[in-house]
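Colleague:
Number of protein chains: 2
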Amino acid sequence: VRPAEPGSSPDPSEGSPTLVDLGEDALVDDIIGRYRSAPWLRVGPGDDAAVLDLAESFPGALVASTDTLVEGLDFRRDWSSGVDVGVKAAAQNFADIAAMGARPHTLLVSLTAPADLPAGWARDLAAGIEAECRRAGAVVAGGDLSGGTEISVTATALGSLGDRPAVLRSGARPGDVVAVAGVLGRSAAGLALLGAGPGSGLLGGLVADHRRPRPPYGAGPEAAGAGATAMIDTSDGLVRDAERLARASGVVLDLDPAALAPDADLVAAAAHLGEPDPAGWVLTGGEDHALLATFPPDAVLPPAFRPIGRVRPVPPGPDSAGPAGSGPAVTLAGRPMTGPSGWHHFHRS
Amino acid sequence: VRPAEPGSSPDPSEGSPTLVDLGEDALVDDIIGRYRSAPWLRVGPGDDAAVLDLAESFPGALVASTDTLVEGLDFRRDWSSGVDVGVKAAAQNFADIAAMGARPHTLLVSLTAPADLPAGWARDLAAGIEAECRRAGAVVAGGDLSGGTEISVTATALGSLGDRPAVLRSGARPGDVVAVAGVLGRSAAGLALLGAGPGSGLLGGLVADHRRPRPPYGAGPEAAGAGATAMIDTSDGLVRDAERLARASGVVLDLDPAALAPDADLVAAAAHLGEPDPAGWVLTGGEDHALLATFPPDAVLPPAFRPIGRVRPVPPGPDSAGPAGSGPAVTLAGRPMTGPSGWHHFHRS
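Protein sequence lines correspond, in order, to chains A and B. Add 3 to the 1-based position in the first sequence for my numbering, that's all there is to it. Add 3 to the 1-based position in the second sequence for my numbering, that's all there is to it.
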């Protein structure tokens with residue numbers, strides 16, 4: 004733990020104490036005081052490392068993932084509050100845990116921030132992290148505070164599998180049902196609305212979903228329990244993550260356009276923005292952190308999942324998909340979705 | 004995992020491909036290929052999360068810590084190679100695990116970097132991380148790559164306690180022996196030599212110790228086994244971290260100047276630099292990641308530890324030390340070391 008770099012002056016327009024005004028120790032003490040404890044947290048934040056006694060509450064293999072949010076690239080302070088960024092930092096990591104079929108239980112957080120960051124923003128960040136930890140059933144076990152020229156938040160989530168094996172990306176088999184739990188396209192539509200400026204008050208639900216994604220954590224272990232053969236968190240958009248799962252499994256995922264029709268909010272947002280194709284948000288919009296999974300044909304889908312397609316074998320020939328294949332790994336009603344310029348330029352044909 | 008931000012051109016003076024030239028996926032594949040596996044790593048990097056099967060190899064409570072290195076504040080690319088920064092990022096986290104009395108076994112790493120970073124630097128970083136993992140007996144389980152305007156490396160280390168309880172900062176008792184394992188002041192002296200420019204070739208060992216700290220990981224569990232009552236990693240310098248341990252334990256740590264005499268390299272570096280007081284490096288220089296521990300008076304110190312002082316009770320009165328005390332928590336031969344302006348301005352009186 005090192006102090007935020009001193010020397011910068013607080014922005015007078017903020018009128019609130021900054022990290023350097025408050026001092027590292029006072030801020031860290033304040034933040035630590037906001038985090039609740041839990042039976043498995045034998046030693047929480049404040050020592051050299053946290054000590055977790057998982058045997059009783061969380062038996063089975065440990066699952067671990069880390070992800071970073073960077074200001075400017077992943078969030079804007081004029082569009083997202085500290086609480087929003089805290090929620091997002093925790094959510095994107097817990098979604099990765101859920102996507103293995105595991106339950107998240109613990110989070111570590113490292114904040115890098117300039118010395119003139121209002122201390123209130125850092126406290127809000129902690130409040131958002133704590134709120135999302137509660138929603139996920141997890142606790143903050145430790146962290147770090149560093150100086151830097153830009154804000155970045157790295158979280159590391161831990162979870163446990165219980166007595167089930169992990170659900171990897173590589174287990175999908177031809178004939179499996181493709182299903183999704185959680186929302187698709189709402190974060191991207193909310194971001195588009197923020198980019199267009201004020202005037203979309205009736206569509207605030209989309210903006211809220213962009214600011215604070217709500218991954219369906221419970222659906223991960225439920226999918227594992229229902230026999231899911233493969234699973235992935237759709238952090239980079241449905242098609243892109245479906246492609247990853249398909250290539251890892253050596254299969255093609257054929258999606259059903261009818262099952263992916265934009266909801267009324269997306270249609271209304273598209274009308275408001277003059278965007279011709281709200282389905283683009285559903286197919287390529289990232290950061291919803293839905294769970295995309297495949298199930299054996301005879302599986303009973305958990306209630307959180309809805310079917311959106313089928314797993315197909317890779318067609319024979321030089322254009323075949325698969326780990327190194329160049330053929331389409333994801334199709335929409337049997338038709339390729341990616342052109343030579345990549346999925347970014349996808350438009351329904 | 005998100006792509007490095009595109010748009011910047013490679014520095015022609017580098018003449019080597021950058022992150023954006025190589026592409027995220029190719030770089031990540033290349034880096035993952037450099038990391039070895041281990042029996043407890045059931046699923047390594049490449050899926051949504053890693054899966055660790057610790058029950059057999061690493062029973063007991065789990066220990067977890069996270070720390071960030073930021074370019075400019077924690078390292079300079081003209082003074083440290085990518086390998087050096089990788090070693091340092093891993094070492095500072097593993098030292099925190101060892102300071103609890105635990106064995107490090109697993110590391111997760113998140114790299115934030117500008118798009119014009121030479122890909123070779125990122126590969127060197129991975130090589131340094133892998134090298135230090137091997138030294139510590141650990142493996143890389145996962146990571147993240149993000150775009151940003153500055154380089155920062157956040158690592159999260161996991162370790163296990165086996166059948167022993169954690170050694171906290173708060174357990175030191177009056178009469179205990181204060182002891183240290185590892186070097187003191189060498190990193191700070193190496194940094195001072197780098198700052199003074201070329202011409203200190205004979206003192207390259209100090210520069211090497213600054214670039215690649217070598218914490219004595221094994222000494223952590225050995226201290227726990229020998230009954231250590233408290234322990235801390237001296238990342239911020241002996242006095243500052245001794246103060247933390249003393250305040251957490253509600254005691255005073257009295258250090259023995261004779262046991263803290265600068266070694267021949269430090270004396271030579273001070274002469275070379277015209278620095279009057281090489282003992283200042285020993286007492287206040289950070290980033291050596293030595294382990295400072297306290298032991299019961301009758302304990303047999305593990306071979307890696309040397310005694311450097313005694314634990315004393317807090318003297319009665321308003322100036323007492325302790326968690327909220329204002330009195331000196333660390334003394335040198337019984338005399339206070341900190342003045343009104345704080346330890347940063349310490350000079351031996």
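Note that CB positions come from ideal geometry on N, CA and C, so glycine has one too. Note that this is a predicted model, so its numbers are computed, not measured.
Can you tell which of 129(B), 202(B), 102(B), 183(B) has the C-alpha that lies nearest to the C-alpha of residue 92(B)?
Modeller: Considering only alpha carbons, the answer is 129(B).
Colleague: Could you tell me which of 231(B), 235(B), 154(B), 257(B) sits nearest to residue 218(B), measuring between CA atoms?
Modeller: It is 235(B) whose Cα lies nearest to the Cα of residue 218(B).
Colleague: What is the residue span of the alpha helix (DSSP H) that residue 296(B) lies within?
Modeller: Per DSSP, residue 296(B) belongs to no alpha helix (DSSP H); it is in the beta strand (DSSP E), 294-298.
Colleague: Counting along the chain, where does the beta strand (DSSP E) carrying residue 257(A) start and finish?
Modeller: Looking at the DSSP string, the run of the beta strand (DSSP E) that includes residue 257(A) is 254-258.
Colleague: If we ignore side chains and look at the alpha-carbon of each, how far apart do residue 95(A) and residue 49(A) end up?
Modeller: For residue 95(A) and residue 49(A), the distance between alpha carbons rounds to 25 Å.
Colleague: Mind checking if residue 50(B) is an interface residue toward chain A, Cβ cutoff 8 Å exclusive?
Modeller: So, interface residue.
Colleague: Apart from the five residues on each side of it in sequence, which residues of its chain come closer than 7 Å, Cβ to Cβ, to residue 292(A)?
Modeller: So the qualifying residues of the chain are 94, 95, 98, 185, 216, 218, 236, 237, 238.
Colleague: By the criterion of Cβ-Cβ separation under 8 Å, what are the contact partners of residue 147(A) in chain B?
Modeller: The answer, in chain order, is 69, 70, 71, 157.
Colleague: Which residues of chain B have a Cβ atom closer than 7 Å to the Cβ of residue 153(A), listed in chain order?
Modeller: 151, 152, 153, listed in chain order.
Colleague: With a threshold of 8 Å between beta-carbons, can residue 56(A) be considered close to chain B, or not?
Modeller: Yes, residue 56(A) counts as interfacial toward chain B.
Colleague: Since residue 183(B) contacts residue 106(B) with CB under 8 Å, what's their CB separation in whole angstroms?
Modeller: That pair is no contact at about 20 Å.
Colleague: Which residues in chain A sit within 7 Å of residue 236(B), going by Cβ to Cβ distance?
Modeller: Ordered by position in chain A, the residues that pass the 7 Å Cβ test against residue 236(B) are 51.
Colleague: Evaluate contact between the stretch 47-67 of chain A and the stretch 157-177 of chain A, counting only Cβ atoms and requiring at least three cross-stretch pairs below 8 Å.
Modeller: Touching, per the Cβ criterion.
Colleague: Mapping the DSSP letters down to three states, classify residue 312(A) as helix, strand or coil.
Modeller: Correct three-state label for residue 312(A): strand.
Colleague: Do residue 146(A) and residue 111(A) count as a contact pair if the criterion is CB distance below 8 Å?
Modeller: Cβ atoms of residue 111(A) and residue 146(A): closer than 8 Å.
Colleague: Taking Cβ to Cβ, would you say residue 295(A) is nearer than 8 Å to residue 261(A)?
Modeller: Not in contact: residue 295(A) and residue 261(A) (Cβ atoms no closer than 8 Å).
Colleague: In its own chain, which residues sit with a C-beta less than 6 Å from the C-beta of residue 188(A), not counting the 5 before and 5 after it?
Modeller: Closer than 6 Å at the Cβ level, and outside the excluded window around residue 188(A), lie 269, 284, 285, 288.
Colleague: Taking only beta carbons into account, state which residues of the stretch 30-50 of chain B come closer than 7 Å to chain A, listed in chain order.
Modeller: The residues in question are 45, 46, 50.
Colleague: Since residue 252(A) meets chain B, which of its residues come closer than 7 Å, beta carbon to beta carbon?
Modeller: Residues of chain B passing the Cβ test: none, with the nearest at roughly 12 Å.
Colleague: Give the C-beta separation of residue 3(A) and residue 175(A) to the nearest angstrom, bearing in mind that I take them to be a contact with Cβ-Cβ under 8 Å.
Modeller: The structure shown has nothing for residue 3(A), since chain A only spans 4 to 352.
Colleague: Taking 8 Å as the threshold (beta carbon to beta carbon), is residue 210(A) in contact with chain E?
Modeller: The structure shown has no chain E; the protein chains it does contain are A and B.
Colleague: Excluding five sequence neighbours on each side, which residues of the same chain lie with their C-beta closer than 8 Å to the C-beta of residue 177(B)?
Modeller: These residues qualify, in order along the chain: 254, 314, 315, 316.
Colleague: Which residue or residues does DSSP assign as beta-bridge partners of residue 106(B)?
Modeller: According to DSSP, which records beta bridges pairwise, residue 106(B) is partnered with 163(B).
Colleague: Around the Cβ of residue 350(A), are there at least 16 other Cβ atoms within 10 angstroms (buried) or fewer (exposed)?
Modeller: Below a pLDDT of 50, predicted positions are generally treated as unreliable, and residue 350(A), at 36, falls in that range; no measurement from the model is reported.
Colleague: Going by Cα to Cα distance, which pick from 108(A), 52(A), 248(A) is closest to residue 181(A)?
Modeller: The option with the nearest alpha carbon to residue 181(A) is 248(A).
Colleague: Which residues bound the beta strand (DSSP E) around residue 69(B)?
Modeller: Element bounds for residue 69(B): 65-73.
Colleague: Just to confirm my understanding: we take residue 155(B), look at its own chain, exclude 5 residues before and 5 after, and list those with CB closer than 6 Å. What are they?
Modeller: Counting only Cβ-Cβ distances below 6 Å, and skipping sequence neighbours, we find 71, 73, 115.
Colleague: Would you say residue 115(A) reaches chain B, if we count a Cβ-Cβ gap shorter than 8 Å as a contact?
Modeller: Chain B contact via Cβ: present.
Colleague: Would you say residue 263(B) reaches chain A, if we count a Cβ-Cβ gap shorter than 8 Å as a contact?
Modeller: Chain A contact via Cβ: absent.
Colleague: Answer with buried or exposed for residue 205(B), where buried requires no fewer than 16 other C-beta atoms within 10 angstroms of its C-beta.
Modeller: Flag for residue 205(B) reads exposed.
Colleague: Would you list the one or two residues that DSSP bridges to residue 62(B)?
Modeller: Residue 62(B) pairs with nothing; no bridge assigned.
Colleague: What is the DSSP secondary structure of residue 48(B), counted as helix, strand or coil?
Modeller: Correct three-state label for residue 48(B): strand.
Colleague: For residue 345(B), which residues of its own chain have a beta-carbon under 6 Å away from its beta-carbon, when the five flanking residues on both sides are left out?
Modeller: Low confidence applies to residue 345(B): its pLDDT is 37, below 50, so where it sits in the model is not reliable, and the reading given next is rough at best. Taken in chain order, the list of residues that qualify is empty.
Colleague: With the cut-off set at 8 Å, would you say residue 127(A) and residue 86(A) are in Cβ contact?
Modeller: For residue 127(A) and residue 86(A), yes; Cβs fall inside 8 Å.
Colleague: Where does residue 147(A) fall in DSSP's three states?
Modeller: Note: residue 147(A) maps to strand in three-state DSSP.
Colleague: Buried or exposed: which applies to residue 336(A), given that a residue is buried once 16 or more other Cβ atoms fall within 10 Å of its Cβ?
Modeller: Counting Cβ neighbours within 10 Å, residue 336(A) comes out exposed, since fewer than 16 surround it.
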